[in-house]
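All you need for the numbering used here is the position in the sequence shown, starting with 1, plus 68.
Here the structure is laid out as structure tokens; the discussion comes afterwards.
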Amino acid sequence: METKNIMIVGVGGQGSLLASKLLGRLLLDKGYDVKVSEVHGMSQRGGSVVTYVRFGDKVYSPIIDKGEADFIVSFELLEAARWTEYLKQGGRIVTNTQQINPMPVITGAAQYPAQLAEKLAALGVQVDAFDALGLAEEAGSSKAVNIVLMGRLSRYFDIPEAEWHAAIEKSVPAKFLELNQKAFSLGRA
69 METKNIMIVG
79 VGGQGSLLAS
89 KLLGRLLLDK
99 GYDVKVSEVH
109 GMSQRGGSVV
119 TYVRFGDKVY
129 SPIIDKGEAD
139 FIVSFELLEA
149 ARWTEYLKQG
159 GRIVTNTQQI
169 NPMPVITGAA
179 QYPAQLAEKL
189 AALGVQVDAF
199 DALGLAEEAG
209 SSKAVNIVLM
219 GRLSRYFDIP
229 EAEWHAAIEK
239 SVPAKFLELN
249 QKAFSLGRA
């Protein structure tokens, strides 16, 4: 199988590292060669955080170059737009519609771009934009956005839902298992 590339992008503290570890664990359990690379930006100051997950028969590097990502999973709309040039032709963005204002917007030096999902779609990008935060809150915690996004991403893979749930069980503490299983199911639905 040719190598597949997934970028998980967000703002520090949103759980992108757990999402990439969950995805990596699932794919390893499926027998793929998997490389996961964590690129920390100014994560403690609300800056961009990017992780790469690459899998296939044999993966030689953990890095994804521009134009190579099959999927970009984004915790926030502006982050989806920021990394679009990494998406390959025919790739897909799975994004939360939540908007987190970056510092220039907070200080009034800039405005948050309007209708980003629509603008990306107008460029020919396949965009699956939905309210992951609302679903996470429905599951029981706003911190479960990462697992909601993994649920949505799972729709594009030919991997049984039960195997995703098994990977969640191996990746999260037992006291948060039920909440995360519910978050995943809401995202997948």
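Even for Gly, the Cβ is constructed at its ideal location relative to N, Cα and C.
As the structure is a computational prediction, the values presented were derived from the model and not from experiment.
Would you decide whether M75 is buried or exposed? Buried here means 16 or more other CB atoms lie within 10 Å of its CB.
-> buried
For N169, I'd like the list of residues in its chain whose CB is within less than 8 Å of its CB, leaving aside the five on either flank, ordered along the chain.
-> Y180
How would you call G158, buried or exposed, if buried means at least 16 neighbouring beta carbons within 10 angstroms?
-> exposed
With R122 as the anchor, note down where its beta strand (DSSP E) starts and where it stops.
-> S116 to G124
How should G192 be labelled, buried or exposed, when 16 other C-beta atoms within 10 angstroms of its C-beta is the threshold for buried?
-> exposed
Could you tell me the distance, in whole angstroms, from the CA atom of R150 to the CA atom of A177?
-> 18 Å
Cβ separation of I140 and S105, assumed to be a contact under 8 Å, to the nearest whole Å = With a Cβ gap of about 15 Å, I140 and S105 do not count as contacting.
Residue range of the beta strand (DSSP E) that K238 falls in?
-> Looking at the DSSP string, K238 is not in any beta strand (DSSP E); the run it does join, the alpha helix (DSSP H), is E229 to S239.
Q82 versus S210, Y224 and G255, residue with shortest Cα-Cα distance = S210
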